[in-house]
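Engineer: This is the structure, below, for whatever I ask next.
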Amino acid sequence: MEASIHKLRKPRLVIFNIPEDISTQNLEDTLMAQNPDISLNKGDIEAKFYYTTKKQNRNLVMEMGAQTRKLLIQKQIKQGGKYAKSRTI
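Going by the numbering used here, the letters in the sequence shown line up with residues 27 to 115, in that order.
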């Protein structure tokens with residue numbers, strides 16, 4: 027047995043009602059293109075998975091660093107031409 031140091035988990039954020047054309051592969055590029063006022067760097071956000079609710083709404087869960095999370099919560103995120111609602115998990 028080996029002892030190891032605990033690693034901190036990255037915070038997760040849910041974006042509600044995302045369009046069908048946005049997937050886990052192109053989320054970061056789409057966010058950067060639609061939100062030029064938010065200074066995001068490549069690799070800051072990692073899309074984990076999406077799920078569909080009973081009302082057939084697609085929600086996406088993404089993981090990011092603490093500073094990026096604060097930045098996204100302070101600013102409103104544009105997604106598909108309208109502002110998206112988000113919440114931390």
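All C-beta atoms, glycine included, are put in the ideal place defined by N, C-alpha and C.
Using C-beta distances below 6 Å, list every residue in its chain close to T94, excluding the 5 sequence neighbours before and after it, in chain order.
Structural biologist: Closer than 6 Å at the Cβ level, and outside the excluded window around T94, lie D70.
Engineer: Report all residues from its chain with a CB closer than 6 Å to the CB of L53; omit the five preceding and five following residues, and keep chain order.
Structural biologist: A73
Engineer: Which residues mark the beginning and the end of the alpha helix (DSSP H) in which E54 is found?
Structural biologist: 53-60
Engineer: What number of angstroms, rounded off, separates the C-alpha of K36 from the C-alpha of L86?
Structural biologist: 16 Å
Engineer: Taking 8 Å as the cut-off, decide whether the C-beta atoms of I103 and N67 are in contact.
Structural biologist: no
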